[in-house]
Structures are given as structure tokens and as C-alpha cells.
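Following: one structure in C-alpha cells, then a few remarks.
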Amino acid sequence: MATSYELTLESFMAGLKRRNPGETEFHQAVEEVSTYLIPYVTKYPQYQTARILERLTEPDRIIVFRVCWEDDQGNVRVNRGYRVQFNNAIGPYKGGLRFHPSVNLSILKFLGFEQIFKNSLTTLPMGAGKGGADFNPKGKSDREVMRFCQAFMTELSKHIGENIDVPAGDIGVGAREISYMFGQYKRLTNEFTGTLTGKGLEFGGSKIRKEATGFGCIYFMQEMLKHQSDDLAGKACVISGSGNVAQYAALKLIQLGAKVLTMSDSTGFIHDPDGINEEKLNFIIDLKTVKRQSLAEYAKHYKLEFHEGKRPWAVPCQLAFPCATQNELDENNAKDLMQKGFIGVAEGANMPTTIQAIKVFQNAKLLFSPGKASNAGGVAVSGLEMTQNSLRMSWSNEELETRLRNIMINIHEECVAHGSEDGYIDYVKGANIAGFTKVANAMLAYGVI
Ligand code: NDP
979 MATSYELTLE
989 SFMAGLKRRN
999 PGETEFHQAV
1009 EEVSTYLIPY
1019 VTKYPQYQTA
1029 RILERLTEPD
1039 RIIVFRVCWE
1049 DDQGNVRVNR
1059 GYRVQFNNAI
1069 GPYKGGLRFH
1079 PSVNLSILKF
1089 LGFEQIFKNS
1099 LTTLPMGAGK
1109 GGADFNPKGK
1119 SDREVMRFCQ
1129 AFMTELSKHI
1139 GENIDVPAGD
1149 IGVGAREISY
1159 MFGQYKRLTN
1169 EFTGTLTGKG
1179 LEFGGSKIRK
1189 EATGFGCIYF
1199 MQEMLKHQSD
1209 DLAGKACVIS
1219 GSGNVAQYAA
1229 LKLIQLGAKV
1239 LTMSDSTGFI
1249 HDPDGINEEK
1259 LNFIIDLKTV
1269 KRQSLAEYAK
1279 HYKLEFHEGK
1289 RPWAVPCQLA
1299 FPCATQNELD
1309 ENNAKDLMQK
1319 GFIGVAEGAN
1329 MPTTIQAIKV
1339 FQNAKLLFSP
1349 GKASNAGGVA
1359 VSGLEMTQNS
1369 LRMSWSNEEL
1379 ETRLRNIMIN
1389 IHEECVAHGS
1399 EDGYIDYVKG
1409 ANIAGFTKVA
1419 NAMLAYGVI
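For the record, in the sequence shown the residue sitting at position 382 is 1360 according to the numbering used here, with numbers rising by one throughout.
Okay, here's the thing in C-alpha cells:
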């Protein structure tokens, strides 16, 4: 007879921190989820007896490897590559690759852990993984990036496959990097399968994949507003980031009649009081994806001030969309945002808001959606790309946008169903519980493995 035990947030987190010392981002992500899941598993003891939470916070496996490549001057360079295969209870491991000098195991474990809940929420059959390298693509020539991607994939290819693990892009990994990696995977394995998503349209990529995360985030905000009989038209919006997610969040906001006041990058932010229109946004897309330069160039071109080294949260607005990176919006930023008329936040990035900042919004009963709900559109369309590859067919823009829209509406409904409390929707609670149950039930069904 199994012994019963008392599960508290304190004891659970103490054990997790002991087993994973120094991994602060991973601790933060687990704490945010466990705050809601511990009361839930205590209420439904089948999960507690099977120690589902303990099993869910231990990755299936972690692969760490050396990536050795040659730069344009003939120097030998060494980076560290990773793949965290977190959980495949409901489908092949699925999640992006990040190339950024800050990449370490803590960051990849937080991202892989979040991915479990996000992928489950999409309703598509996808497990969770995350990977990347501490490689900085900035300032590298195309050929250097190619050589790095090929070296990285030479090892990674041994651990992935269309039914095993299907990586995608993330920070520092866009169309260019995915293409180089897919080319190398194809060369090494001599097979053409959908083992990476975010591919070019000519070789198995899905339409609207590049737009999906940003568009999905705005659809999610649209649903949150609709739920309180409001809409996006005319709303003053602040966005951080100017990469893939931020660009298409901005485009959808513009298309739906909202006013985009800011965008940012790692060097600072721009504030355009007239609003960033489609023409100006195209300037930004070209600047960031083709020229790969700082937003300071935008400020120069449109004769605006460039707020160097700063984040945009003190700019008065009604809606905020953090779309750059983790922990970019803290408690003080949250207080700055809460000026008169502020309505809420939809996260486009993963864990951009600290736990203390989330509390500020929730205590004020403002809208707040966690990334695992509002940025799930990207992985959802990746899941659809996998389906299209398996079927050897491709769907139209309209078909895919309708599917994406419906997935975001469905995630919103699930959050409302599991997160309603006295008329306020706690979207963090809703997303955590709705994402958990499917994975937990699959793990229960498999027995002790
Ligand atoms: P990109 O690399 O395309 O863009 C990242 C943006 O964030 C750039 O503007 C970059 O500035 C900025 N940025 C990166 N690191 C920092 C930092 N430490 N401080 C300030 N700014 C920073 O990445 P994505 O748009 O793909 O990803 C953005 C976020 O969205 C990440 O949290 C990612 O995990 C998440 N996400 C992405 C998905 C996708 O489909 N791409 C899906 C779901 C979530 P600069 O140009 O100067 O480097």
C-alpha cells in the first residue's frame, strides 16, 4: 500500500530547488504552475498518488553536446548545444530552438516545461521539448550561420525525427536558420520528412506559420475583450520586441484598428505617437529581418527619439503585449502600466512577466493572459504543418487562419471554464489546469513509467 504524504507548495519547491540548483528561470516557471496545480492534485488524489507533478517536472531526457565550427577567418569556434525532451505523453516532443548567448539549461528547462501546457491547450497531439545553443547569430555572416547550423544539426539529427521530436524556431532562429538545419537533416538522413517546422513554403512549410504566434496573441486578446463586451478598435497598444512575434502582433493590431505606439529590441525602444502603420511596420520588418540592424535606425528615419537601453512600459496605453523575452516586465513596470484606462496584458513572449508583476495585474482585476495560452498560436500552426507534411498536402491561407482563430477561441474558452472565480477570469489558473489534465490523464493511463 503506497504511503500518503502531504504536498505543499513550500515542500514541493524546496525539493525542486534542491534537485535543480541555480536554475532560477526553471524554478520560476514551476512555481507559477504549481501554485495552481498543488491545490488541484490535492483535490483529485489520483494525480497525487501517482506523483504526476513530480514526474512532470523531471524531463524525460536532456541532450547536451559540443558544436564545433569554423568562422570566416578560419578560427575554430566552440559552442554548447542542447535539446530538452521534456514530455511526450500526448505526442512527439515539440518546441523551438533558441540561439542566443544567454541560453543555458535553466532557460531551456523553463521553456520546455511551459511547452507541456501550451501544446496540450492547442488540442493537437504534441508533446513538449525545447533546445538551442549559446551561439549568437548577431554579427555573423550568412555562411558562418550556415556552418553553425550544419554543425548543430549533425549532432541533433541523431535525436529527432518526425515521430520522435520536431523542433521549430524561437529567438535567433528564423526562416534562414530553419532552412539551413532542414537542409542538413535531409542530407544526413537521406529522407524528406516534416522533422522541423517553420520551413520555407517551397519545401513543406505551412502558410501563416510566420504570422501565427503574433496573430494568435491578438486573437486571444480580442476574445478576452469580447468576454467583457469590449473590442480592439481604437485601443492604444504598447508592444515590446520587434522580432517574429512582435511584428505580426503589430500587424494584426493595425488590421483590427488598434494603435501601435511602441516596439523595442535589445538596444532600446521607439515611441511613435502617431501610431506605427503598415508602411512603417514594413520598414521595421526589413530592418530586423533583412538588414538585421537596431531600431535606432527607425528613430533616425522617422525623426523620433530613440529610448536607448529602455523598455516601453511607462508609455501610457490601454493594452500591453510583451513579445521580446523572459522577465522583461517586472513589478515596477506593472505599476507604471497601470495608469488611468489600462485594461490588460496578453503575453506574446514566454514568461515575460515576473510572478510579482502578474499579481499586480490580478489584484487589480485586470486582464492578464500567460504566454502558454496567448502565444500558443505558433506551435498550433506548427502542429498543422506536421499534419500537412504527413498528408503530403497544404492548406490555404484562409483555411489555416480559420483553424488558428478557432484554436485561440477554444483555448480562451478552456481558460474561462477552468479559471473563473467570482466573475473574474484568472487566465493563469485556467491555462494551467486545462493544459494539465490531458497530459496527466495520459500519464496515468501509461502506468508507472
Ligand atoms: P526573435 O528572435 O524573432 O525576436 C526577439 C526580439 O526580442 C527581438 O526584437 C530582440 O531584439 C528582442 N530581445 C531578445 N532578447 C532580448 C533581451 N534579452 N532583452 C531585450 N530584448 C530582447 O524571437 P521571437 O519573436 O520568435 O520570440 C520572442 C518571444 O516569443 C520569445 O520569448 C519566444 O520564446 C516567444 N515565442 C516565440 C514563438 C515563435 O513562433 N517564434 C512561439 C511562442 C513564443 P534584437 O533584435 O535586438 O535581438
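In this text, a Cβ means the ideal position worked out from N, Cα and C, and glycines have one as well.
Would you say the beta carbon of residue i is closer than 7 angstroms to some non-hydrogen atom of the ligand NDP?
i        : result
Val-1144 : no
Val-1223 : yes
Ser-1220 : yes
Thr-1303 : yes
Ile-1196 : no
Ser-1244 : yes
Ala-1067 : no
Lys-1266 : yes
Thr-1191 : yes
Asp-1148 : yes
Glu-1010 : no
Gly-1152 : yes
Ala-1327 : yes
Asn-1311 : no
Asn-1353 : yes
Glu-1306 : yes
Gly-1349 : yes
Gly-1090 : no
Gly-1052 : no
Gly-1117 : no
Gly-1183 : no
Can you give the Cα-Cα distance for residue i and residue j, rounded to whole angstroms?
i        : j        : result
Ile-1094 : Asp-1038 : 12 angstroms
Met-1371 : Phe-1284 : 46 angstroms
Glu-1155 : Ser-1207 : 42 angstroms
Arg-1033 : Thr-1101 : 21 angstroms
Ser-1218 : Phe-1414 : 29 angstroms
Cys-1046 : Glu-1133 : 10 angstroms
Asn-1097 : Leu-1422 : 18 angstroms
Asp-1400 : Val-1394 : 12 angstroms
Glu-1392 : Gly-1107 : 23 angstroms
Gly-1319 : Val-1406 : 22 angstroms
Lys-1230 : Met-991  : 39 angstroms
Lys-1213 : Arg-1270 : 30 angstroms
Glu-1309 : Ala-1292 : 12 angstroms
Ile-1149 : Asp-1112 : 11 angstroms
Asp-1428 : Ala-1067 : The structure shown does not extend to residue 1428, since the chain is modelled only from 979 through 1427, so no value can be given for it.
Determine the burial state of residue i: buried for a count of at least 16 other Cβ atoms within 10 Å of its Cβ, exposed for fewer.
i        : result
Phe-1181 : exposed
Ile-1042 : Rather than Ile, the amino acid found at residue 1042 in this sequence is Val. The residue is exposed, with fewer than 16 neighbouring Cβ atoms inside 10 Å.
Arg-1061 : buried
Gly-1425 : exposed
Lys-1072 : buried
Arg-1165 : exposed
Asp-1209 : exposed
Phe-1170 : exposed
Gln-1063 : buried
Tyr-1018 : buried
Asn-1502 : The structure shown does not extend to residue 1502, since the chain is modelled only from 979 through 1427, so no value can be given for it.
Leu-1369 : exposed
His-1396 : buried
Ser-1360 : buried
If you follow the alpha helix (DSSP H) that residue i is part of, which residue opens it and which one closes it?
i        : result
Ile-1187 : The identity of residue 1187 in the sequence shown is Arg, whereas the question assumes Ile. Per DSSP, Arg-1187 belongs to the alpha helix (DSSP H) from 1187 to 1205.
Cys-1393 : 1375 to 1397
Phe-1130 : 1120 to 1134
Val-1008 : 1002 to 1021
Glu-1032 : 1030 to 1034
Ala-1153 : 1153 to 1167
Val-1357 : 1355 to 1369
Asp-1314 : 1309 to 1315
Gly-993  : 987 to 997
Tyr-1276 : 1274 to 1279
Asn-1097 : 1083 to 1099
Leu-1259 : 1256 to 1263
Note the first and the last residue of the continuous beta strand (DSSP E) segment covering residue i.
i        : result
Gly-1074 : 1071 to 1077
Tyr-1060 : 1054 to 1065
Gly-1109 : 1106 to 1111
Val-1144 : 1143 to 1146
Val-1216 : 1214 to 1218
Glu-1048 : 1039 to 1048
With DSSP as the reference, please indicate the residues paired to residue i in a beta bridge.
i        : result
His-1285 : Phe-1247
Ile-1403 : Ser-1398
Pro-968  : Nothing can be reported for residue 968: it is not among the residues displayed for the chain, which extend from 979 to 1427.
Phe-1346 : Val-1323
Met-1241 : Ile-1248
Thr-1331 : Leu-1307
Gly-1139 : Asp-1143
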